[in-house]
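K.L.:
Throughout the sequence shown, residue numbering follows my numbering, covering 238 to 341 in sequence.
Cβ coordinates follow ideal geometry from the N, Cα and C atoms, glycine included.
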Amino acid sequence: FHWTTAGLPWLPFAESLREWMGKTVRHMALISVKFNLVLMVINLLPVPPLDGGRIMVGLLPRSLAFQLDRLERFGMLIILILIASGLWSHLVRPVLDVFLRFLL
């Protein structure tokens, strides 16, 4: 009796487990990539407390940049209103789709 004959009946199980684990790991990686893309797109929105707002302040002429910078204290309220009104998905979804098509 050899140790390989004891393990022989487990080969089909091991193969199906490897296949299942591969699919699961790929699925988890895909979810992770999508989640990080969503966070990136949200962070780049041109609302002052987010990085996109800071980029816009740096790119705009001084007078417009000053006006946009003054909105920073209302930025989170603006984001909450966009989410509650349903406009949020209309802003985020098209940009997210472009990145998803490009990266995946």
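With a threshold of 7 Å between beta-carbons, can isoleucine 268 be considered close to chain C, or not?
P.N.:
Annotation note: the requested chain C is absent from the structure, which comprises a single protein chain.
K.L.:
Should leucine 274 be labelled buried (16 or more other beta-carbon atoms within 10 Å of its own) or exposed?
P.N.:
What you label residue 274 is simply residue 37 of the sequence shown in a count that begins at 1. So leucine 274 counts as buried.
K.L.:
To the nearest angstrom, how far is the alpha carbon of lysine 271 from that of leucine 297?
P.N.:
By 1-based counting over the sequence shown, the position of residue 271 is 34. By 1-based counting over the sequence shown, the position of residue 297 is 60. Near 30 Å, if we compare the C-alpha coordinates of leucine 297 and lysine 271.
K.L.:
In three-state terms, what does DSSP make of valine 284?
P.N.:
Mapped onto the sequence shown, residue 284 falls at position 47. If DSSP states are grouped into helix, strand and coil, valine 284 belongs with coil.
K.L.:
If glycine 312 and glycine 290 are in contact, beta carbons under 8 Å, what's the gap, nearest whole angstrom?
P.N.:
Against the sequence shown, residue 312 aligns to sequence position 75. Against the sequence shown, residue 290 aligns to sequence position 53. Going by Cβ atoms, the distance from glycine 312 to glycine 290 rounds to 7 Å, so yes, they are a contact pair.
K.L.:
How is glycine 259 classed by DSSP in three states: helix, strand or coil?
P.N.:
As a working mapping, residue 259 is identified with position 22 in the sequence shown. Helix, per DSSP.
K.L.:
Am I right that valine 329 and valine 284 are in contact with their C-beta atoms under 8 Å? What's the rounded C-beta distance?
P.N.:
Taking the first residue of the sequence shown as position 1, residue 329 is located at position 92. Taking the first residue of the sequence shown as position 1, residue 284 is located at position 47. Not a contact, Cβ separation roughly 12 Å.
K.L.:
Taking only three categories from DSSP, how would you classify leucine 297?
P.N.:
Taking the first residue of the sequence shown as 1, we reach residue 297 at position 60. DSSP places leucine 297 in coil when its eight states are reduced to three.
K.L.:
So, under 8 Å CB-CB, proline 286 and glutamate 309 are touching, yes? Tell me the CB distance rounded to an integer number of Å.
P.N.:
Working through the sequence shown from its first residue, we reach residue 286 at position 49. Working through the sequence shown from its first residue, we reach residue 309 at position 72. Right, their Cβ atoms sit about 6 Å apart.
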